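**Q** In the numbering used here, the protein residues as written are 134 to 820.
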Ligand code: BGC
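(1) Can you tell me where the beta strand (DSSP E) with residue 481 in it begins and where it stops?
(2) Report back the beta-carbon spacing between residue 625 and residue 731 to the nearest angstrom; my notes put them in contact at under 8 Å.
(3) Would the C-beta of residue 366 count as close to the ligand BGC, meaning under 7 Å from any of its heavy atoms?
(4) Relative to the C-alpha of residue 603, which residue among 250, 144, 618 and 548 is closest?
(5) If you reduce the DSSP assignment to three classes, tell me which class residue 654 lands in.
(6) Starting from residue 144, follow the alpha helix (DSSP H) in both directions and report where the run begins and ends.
(7) Give me, in chain order, the residues of the same chain whose beta-carbon lies closer than 8 Å to that of residue 657; leave out the 5 immediate sequence neighbours on both sides.
(8) Whole angstroms is fine: what's the gap from residue 200's alpha carbon to residue 437's?
(9) Does the Cβ of residue 277 lie closer than 7 Å to at least one heavy atom of the ligand BGC?
(10) Count the other CB atoms, across all protein chains shown, that sit within 10 Å of the CB of residue 636; report buried if there are 16 or more and exposed otherwise.
(11) For the ligand BGC, any of its heavy atoms closer than 7 Å to the Cβ of residue 207?
(12) Kindly list the residues whose CB is nearer than 6 Å to the CB of residue 576, restricted to its own chain and excluding five residues on each side of it in sequence; keep chain order.
(13) First and last residue of the beta strand (DSSP E) that includes residue 744?
(14) Between the alpha carbons of residue 743 and residue 477, how many angstroms are there, rounded?
(15) Figure out for me which residue from 650, 332 and 480 has the closest Cα to the Cα of residue 544.
(16) Within 10 angstroms of the Cβ of residue 668, are there 16 or more other Cβ atoms? Answer buried if so, exposed if not.
(17) Within the present structure, is the beta-carbon of residue 221 separated from the nearest heavy atom of the ligand BGC by less than 7 Å?
(18) For residue 723, count neighbouring C-beta atoms within 10 Å of its own C-beta (all shown protein chains included) and say buried if the count is 16 or more, exposed if not.
(19) Please state the DSSP three-state secondary structure of residue 263.
(20) Pick out the complete beta strand (DSSP E) segments inside the region 671-750, 3 residues or longer, and give them in chain order.
(21) What's the C-alpha gap between residue 572 and residue 531?
(22) When the Cα atoms are used, what is the spatial distance from residue 209 to residue 397?
(23) How close, in whole Å, do the beta carbons of residue 557 and residue 586 come, if the pair is a contact with beta carbons under 8 Å?
(24) With a threshold of 16 other CB atoms inside 10 Å of the CB of residue 753, please say whether the residue is buried or exposed.
(25) Apply the 10 Å Cβ neighbour rule to residue 164 and answer buried if 16 or more other Cβ atoms are within range, or exposed otherwise.
(26) Grab me the residues of residue 348's own chain with a C-beta within less than 7 Å of its C-beta, minus the 5 sequence neighbours each way, in chain order.
(27) Looking at residue 294 and the ligand GDP, is the gap between the Cβ and the nearest heavy atom below 7 Å?
(28) Is the region 147-166 close to the region 202-218, with three or more CB pairs under 8 Å?
(29) With respect to 7 Å, is the separation between the Cβ of residue 309 and the closest non-hydrogen atom of the ligand BGC below this value?
(30) From the DSSP output, which residues share a beta bridge with residue 507?
(31) Name the residue from 176, 156, 183 and 564 whose alpha carbon lies nearest to the alpha carbon of residue 622.
(32) Buried or exposed: residue 519, going by 16 or more other Cβ atoms within 10 Å of its Cβ?
(33) Going straight from the alpha carbon of residue 181 to that of residue 187, what length do you get?
(34) Starting from residue 469, follow its DSSP beta bridges and name the residues at the other end.
(35) Go to residue 188, then tell me how far its alpha helix (DSSP H) extends in each direction, as first and last residue.
(36) Could you tell me if residue 696 is buried or exposed, where buried requires 16 or more neighbouring beta carbons within 10 angstroms of its beta carbon?
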């Protein structure tokens, strides 16, 4: 059953299924519980920016409890498609561009939803989706084709799914997209060879909405009957929304095109999940007693998640944090400043906007009576072009000590089927910023959006810039916490921000190419002499008008603290194949404020049988340091962290040189080097 959220109806239907159906098989009640239920957490892309799996686990737990109270026992999350294209609307639902970060978050969310035991009241069956490759759709257009070489599929797109399966995820959902000529919903390689034979998954696979029927629109099959045949043989256990299986499997079975043995196996996978959920053991018609959940607990986790998701992109002359006691007048301007609905983001079927606390409300609360807060929207929505209120907005800005602008994208501009070809600020928002500059006041811009945006020269034109994603119910208080320095911002980008949309795809873990650009070799087109002979060109990989670097790199995010890394130490310059690598580093907060930092470890395998990315995230740790505090951290990289899927599509650990970096973003950090050397034959045999 899809989308039934009346607990009484759920009970009635469940009782009918158990007592009045022929075989007494209980029902699953599925719903998209993506980032919270009534209490809305930041969109998953924002959750990824926390680099805090424990918080993600707690958030999923709370969502599970709230959803279970409505009768739901199956959620269609986590969405773990590697998303490297900000045009794609569904990037909002993802954990961003990195396989390792996505895998860590996938595990955390599965564990949060499913709890310690799937059969305990309050646990939901999770669903890892969309298997697989959906995020690589051509041009970032939703549902479009993907062409992914097998080694890239295995090295980049499949690892988070493997992690979810290893974490015990109960179900998987197929992707809508075509993968290398065979739509995922009819793809035996994915659903049988990889998922069942290699990974030994024993839960069930559900098609995405009408995706079996759509095999015909894709051009894989000529009609529903063939579509049922292909999906069934590929490994889809359950069809969502349409009735292609119900309409055609009886005949396929009768004619021997589907064996009874295979039918039984497909059904058994579903029954196994229902048994694990304890659905056969519950007394019919009676709601299970759920563990208690206090509303304030849910709100606190939502607030903390929102706080840790906020990324400080710019902070000139330390304009932030604001000192409330030195302010008299604040101007709060913009379409996202006081909109309880829009701040919740995409996929909030059950989100309750009356629970939302907006930035305007929270700012008023934070500064109290002594500071006058004047609010004007200036633009009705993020898409508006009507400048009718701008004179008044300028007057309000002129009268203020600081201008706080809240811009971004409305919720409906990201999410499913809502890709954008231009990922700039919609409507006249960029012009609004330029106009308000005339006030000559310090300007702090907070952006609430479902994807990375291209910001033009705005980051240079303003004093501080915060990216808050769609932060959910508690977005307002979280933003106020950061603006007024109750906490230091600590979010880090889970996805690269391009300068201009034409740079997409742009991601940190790219390959080096044979002609990488460097500051020395890059020449901007403005510097290319007119009629320069072609042979004088620099012949490097870049755009002559946009360079080769992004606007903000993966892992980036500023702090009110100041973190200094020192004494990077690698246990062994030569590491025997199969042995772990131990790393140590000291991190000091030389800033004046206590703050949290996300320490990130990247490696590069310099030469391999299949070329490897210039950097790959392998570990991260969030830590809090008081002003002046220092801590020495130890990390251990396992052989698997140094392995990759090679030419024969198996996990390969090759001798060779590796670089390793530890720092606060994908473009920073202390660097060291070590070599993997072949293990002596005896040790190799033993391992
Ligand atoms: C989406 C899925 C979602 C399903 C059920 C589909 O359109 O692609 O992610 O779980 O609808 O609502």
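Built from N, CA and C at the ideal position, the CB exists for glycine as well.
In this text, all values refer to a predicted model and were calculated from it rather than measured experimentally.
**A** Once the coordinates are examined:
(1) Per DSSP, residue 481 belongs to no beta strand (DSSP E) and is neither H nor E.
(2) Going by Cβ atoms, the distance from residue 625 to residue 731 rounds to 5 Å, so yes, they are a contact pair.
(3) Placement of the Cβ of residue 366 at a distance of 7 Å or more from every heavy atom of the ligand BGC is found.
(4) Ranking 250, 144, 618 and 548 by Cα distance to residue 603 puts 548 first.
(5) Coil.
(6) 140-153 is the span of the alpha helix (DSSP H), which, as asked, contains residue 144.
(7) Excluding residues within five positions, the ones whose Cβ falls inside 8 Å are 677, 678 and 680.
(8) Counting only the Cα atoms, residue 437 lies some 20 Å from residue 200.
(9) The answer is no for residue 277.
(10) Counting of Cβ neighbours within 10 angstroms places residue 636 among the buried residues, the total reaching 16 or more.
(11) Because no heavy atom of the ligand BGC lies under 7 Å away, the Cβ of residue 207 does not count as near it: no.
(12) In the same chain as residue 576, and ignoring 5 residues on each side of it, the C-beta atoms closer than 6 Å to its own belong to 536, 595 and 596, in chain order.
(13) Annotation for residue 744: no beta strand (DSSP E) segment contains it, and DSSP assigns it neither H nor E.
(14) Between residue 743 and residue 477, the C-alpha separation is close to 42 Å.
(15) Distances from the alpha-carbon of residue 544 to those of 650, 332 and 480 put 480 closest.
(16) Counting other Cβ atoms within 10 Å of its Cβ, residue 668 stays below 16 and is therefore classed as exposed.
(17) Answer for residue 221: no, Cβ out of range of the ligand BGC.
(18) Exposed, by the Cβ-count rule.
(19) Taken through DSSP and simplified to helix, strand or coil, residue 263 comes out as strand.
(20) Within the region 671-750, the complete beta strand (DSSP E) segments of 3 residues or longer fall at 696-703, 707-709, 714-722 and 728-738, listed in chain order.
(21) Approximately 5 Å, taken between the alpha carbons.
(22) C-alpha separation (whole angstroms): 24 Å.
(23) Distance from residue 557 to residue 586 at the Cβ level is roughly 6 Å; contact confirmed, criterion being Cβ atoms closer than 8 Å.
(24) Looking at its Cβ environment, which holds 16 or more other Cβ atoms inside 10 Å, residue 753 is buried.
(25) With 16 or more Cβ atoms within 10 Å of its Cβ, residue 164 is classed as buried.
(26) So the qualifying residues of the chain are 316, 318, 319, 354, 360, 363 and 364.
(27) Although the ligand GDP was asked about, the structure shown includes only the ligand BGC as ligands.
(28) The region 147-166 makes contact with the region 202-218; the number of CB pairs closer than 8 Å reaches 3 or more.
(29) Under cutoff, so the answer is yes.
(30) Answer by DSSP bridge pairing, in chain order: 464.
(31) Between residue 622 and the set 176, 156, 183 and 564, the nearest pair of CA atoms involves 183.
(32) Under this definition residue 519 is an exposed residue.
(33) Rounded to whole angstroms, residue 181 and residue 187 show a C-alpha spacing of 11 Å.
(34) Per DSSP, none; premise fails for residue 469.
(35) Run containing residue 188: 186-202, per the alpha helix (DSSP H) assignment.
(36) By the C-beta density criterion, residue 696 is buried, having at least 16 other C-beta atoms within 10 angstroms.
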